[in-house]
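If you read the protein sequences in the order shown, they are chains X, U and L. The numbering used here applies: residue 208 is where the first sequence begins, and numbers increase by one. The numbering used here applies: residue -15 is where the second sequence begins, and numbers increase by one. The numbering used here applies: residue 13 is where the third sequence begins, and numbers increase by one. Quick reminder that beta carbons are idealized off the backbone N, C-alpha and C, glycines included. All values derive from a computational prediction rather than experimental measurement.
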Amino acid sequence: MLKFSFWDILSNLLIATEWTIILSLIAFFCGGIVGLILLFMRTSGVKPLEWFTKSYIEFFQGTPLLMQLFLFFFGIALFGVEVSPWMAATLALTLWTSAFLTEIWRGCVESIPKGQWEASATLALTYIEQMRYVILPQAARIAIAPTVGFSVQVVKGTALASIIGFVELTKAGTMLNNATFRPFLVYSLVAAIYFCLCFPLSWFAKKLEGRLNAAR
Amino acid sequence: MLYKLEFGDLLPYWDVLLQGLVFTIVLTVVSTVAGIAVGTAGASARTFGPAWLGRVVVVYVELIRNTPFIVQLFFIFFGLPAAGVTLSETTAAFIAMVINLGAYSTEIIRAGIQAIPKGHIEAGVSLAMSKWEVLRHIVLNQAFRKIYPALSSQIIIVMLGSSVVSQISAQDLTYAANFVASRNFRNFEVYLLAALAYLLLAMLTRSLLRGLGRIIFKAE
Amino acid sequence: MPLVSIRDVRKSFGALEVLKGVSLEVEKGDVVAIIGRSGSGKSTLLRCINGLEAYQSGAILADGIEVGGLHANLRELRRHVGMVFQQFNLFPHLTVAGNVMLAQTVVNKTPKKEAREIAAEVLAKVGLSEKMDAWPSQLSGGQQQRVAIARSLAMRPKVLLCDEITSALDPELVNEVLRVVEQLAKEGMTLILVTHEMRFARDVGTKLVFMHHGRVHEQGAPKEVFAAPKTPELQQFVGSVA
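Here it is in structure tokens:
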């Protein structure tokens, strides 16, 4: 059997961490773009669009992320397309992220006083222009803290991609554990690395929230 | 190629899936009650306890909130035996859930306590109430009223997150779905059914908690 | 043809009927003061004129455009019908100039430089030339309201709707806003004001409309109506506010 030193374990975990970070970034940014489109639909006042977004959000917030990963992994295969764990994971995590971000941002948009909508409507701005020039610039200020806060959930969410076989930090931990039989050490290190990724984000989110509250 | 969905193949396994569903419900209920108890203790210790205890609580909360649940679960189930603590998969699942929800509810309840005006505590003290009486009747009572919606959402998040316990072979709904899929290879159908069961459970839990909240906090 | 013509407009919020068949004609250059108790429907009527509220029956024509008509027309309508609100509703994330320039650049596609020149001109008109690059939060209520007026004027509206524009102001700030409106009236701007300022309505208005229970209860030349109210409701109202 191969002999793994502490440094071997750690360096292998850190290499896999790269994939956790890449997956997180893709899910967060693509989820943000999808979320923004959904936000426009959700607040448009057009009933079918609102109904669609509501059900979309209900589904992705009301079912386990793990189920969503399974459904994408096995569901896309039904169309005869070869699915890699990577593809299923990015897709599922992106849509899952978009649902939560839409809901967070909707709250921010709705906290903008009604007078801002009316004044901009009176100036002949269309709905898209109202959002673009008047509502979103104000909502964005409030949205930054909870959005950064949610990025922590995205990083943690990527850990579930390990279950459908995508090799990122958690999967690497499982593999190293099987090879070394040192579960206490391996999972402590895995947890420590996640903590190093997530804690700065949590801390930053709290800082932003505090600054916003102080400004009010 | 068009694939034809066959939900009929799931029928022979209805009892397996039902057992899984029951396990998930029990797991959620027990960890909710125990988790909120942990959270109440944690939040009280953090706000009113000695400084060292407060620091211990902060470390606990931040460690849990900044690591994935699945890693916590693996650590408890696979890691702890190496340190001499061996747990069955069911016990490990329950403990991990309680620890997880405990940390989140500590943070939520603490925020509720902080939102209570200092004057209320002083008023209680000036009415000759003891520290414990003030905590129970004035502080926690009001705090829970305030944070009930946030706590409710967290309970649903934790319920959905519990599907991960299948990975240490705790026999919840997801474990049952995995089992059925391995038998009849109807992966998509069984996961779709399970997902819908979770969705229904989430919606049910939400309205149940809302109704419960109305009964508990009706005096307003 | 009247600039704004309102014919038998009805509007309900659920079971509550707030406009029970209102008709009104506004000619170019008119200064119409709408008075009445709170809940008489006067603000709702004003908000119907530029489509902020939908009405159930009747018709409103503003500058030849049917307000209850197609959505595309609403944008055209609002380019010509300005509105000033009780709560100012300045955009807090934009400077004073930014507020005044926004609709010009976005809706009218006016080049930035030209829009800024127009902004300078309308801000001079409301006496706030030196505040061009200030932020709304740095201004007093009266100054904010004058910026809101300038913001509407920059669109060169044919008619300006004013919804209780001095009601949210401290008493000492009311006059600076009224003076601006009076100046606009003198220059021939068509104005429809919902107001509680009876003296202003009498001295500046060319037409007075008293609304009561969702109807136009009495109307006429302000000085005559105030001097000799015909209906007991208006007599009582004038008595209570005088």
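When the options are compared against residue i, the one with the closest alpha-carbon
| i | options | result |
| --- | --- | --- |
| A161(U) | L278(X), T250(X), I240(X), S212(X) | L278(X) |
| G197(U) | V164(U), A178(U), F128(U), F172(U) | F128(U) |
| H105(L) | S291(X), S409(X), R339(X) | R339(X) |
| L190(L) | A213(L), L86(L), R168(L) | A213(L) |
| V355(X) | M382(X), E257(X), F236(X) | F236(X) |
| Y159(U) | L1(U), G33(U), F61(U) | L1(U) |
| L54(U) | A347(X), G282(X), P271(X), F280(X) | Reading off the sequence, residue 54(U) comes out as Ile, not Leu. For the residues A347(X), G282(X), P271(X), F280(X), the minimum Cα distance to I54(U) belongs to P271(X). |
CB contact check: residue i to chain L, cutoff 8 Å
| i | result |
| --- | --- |
| L419(X) | no |
| P292(X) | no |
| P255(X) | no |
| P344(X) | yes |
Partner residues on chain X for residue i, Cβ-Cβ distance less than 9 Å
| i | result |
| --- | --- |
| F97(L) | G322, E325, A326, T329 |
| R90(L) | A328, T329, L330, A331, L332 |
| R87(L) | A331, L332, T333 |
| L64(L) | E325, A328, T329 |
| Y88(U) | Simply none; closest approach about 12 Å. |
Nearest-angstrom Cα separation, counted from residue j out to residue i
| i | j | result |
| --- | --- | --- |
| A306(X) | S231(X) | 15 Å |
| L37(U) | L85(U) | 19 Å |
| Q360(X) | A67(U) | 29 Å |
| A18(U) | A80(U) | 11 Å |
| A115(L) | R22(L) | 31 Å |
| I371(X) | N168(U) | 19 Å |
| G53(L) | E194(L) | 25 Å |
| T381(X) | L71(U) | 18 Å |
| L36(L) | I46(L) | 11 Å |
| V149(U) | V123(U) | 35 Å |
| L392(X) | L11(U) | 28 Å |
| A84(L) | T333(X) | At A84(L) the pLDDT is 49, less than 50, meaning the model places this residue with poor confidence and gives no usable figure here. |
| K235(L) | S17(L) | 23 Å |
Simplified DSSP state of residue i, which is helix, strand or coil
| i | result |
| --- | --- |
| L111(U) | coil |
| D175(L) | strand |
| L73(L) | strand |
| A84(L) | Because A84(L) sits at a pLDDT of 49, beneath the cut-off of 50, its placement in the model cannot be relied upon, and the point is left open. |
| K242(L) | coil |
| K32(L) | strand |
| K210(X) | coil |
| I2(L) | Shown here, chain L extends from 13 to 254; a query on residue 2(L) therefore has no answer. |
| T70(U) | coil |
| G51(L) | coil |
| P104(L) | coil |
| M81(U) | helix |
| H92(L) | helix |
| R339(X) | helix |
| M201(L) | coil |
| E225(X) | helix |
| R389(X) | coil |
| E106(U) | helix |
Test: residue i CB closer than 8 Å to a CB of chain U
| i | result |
| --- | --- |
| L273(X) | yes |
| T309(X) | no |
| S191(X) | This structure gives no information on residue 191(X), because the portion of chain X shown stretches from 208 to 423. |
| V355(X) | no |
Residue-chain proximity (residue i, chain X), Cβ-Cβ < 8 Å
| i | result |
| --- | --- |
| N125(U) | no |
| M(-15)(U) | Only weak support is given to the placement of M(-15)(U): the predicted model assigns it a pLDDT of 49, under 50, and the question is left unresolved by the model. |
| G63(U) | yes |
| M113(L) | no |
| M167(L) | yes |
| L151(L) | no |
| N168(U) | no |
| T208(U) | What is shown of chain U runs -15 to 204, which leaves residue 208(U) out entirely. |
| F58(U) | yes |
| E46(U) | yes |
Chain-ordered chain X contacts of residue i [CB-CB under 7 Å]
| i | result |
| --- | --- |
| F103(L) | Q323, V341 |
| S147(U) | P271, L273, M274 |
| Y175(U) | M274, F277, L278, F281 |
| I54(U) | A366, L367, T377 |
Within chain U, the residues that residue i reaches when beta carbons sit closer than 7 Å
| i | result |
| --- | --- |
| F266(X) | L183 |
Under 8 Å by beta carbon: chain U residues contacting residue i
| i | result |
| --- | --- |
| A347(X) | In chain order: nothing, as chain U lies at least about 23 Å away. |
Proximal chain L residues relative to residue i, where beta-carbon distance stays under 7 Å
| i | result |
| --- | --- |
| E336(X) | V118 |
Partner residues on chain L for residue i, Cβ-Cβ distance less than 8 Å
| i | result |
| --- | --- |
| I407(X) | Going by the sequence as given, residue 407(X) is Pro instead of Ile. Per Cβ cutoff of 8 Å: no residues; P407(X) is ~28 Å from chain L at best. |
Contacts that residue i makes with chain U (C-beta to C-beta distance below 9 Å)
| i | result |
| --- | --- |
| F402(X) | E46, L47, N50, T51 |
| F391(X) | F59, F62, G63, L64, P65, A66, A67 |
Proximal residues of chain X, C-beta to C-beta of residue i below 8 Å
| i | result |
| --- | --- |
| T158(U) | P271, L273, M274 |
In chain order, what residues of the stretch 361 to 388 of chain X put their CB closer than 9 Å to some CB of chain B? Absent from the structure is chain B; the protein chains it does hold are X, U and L.
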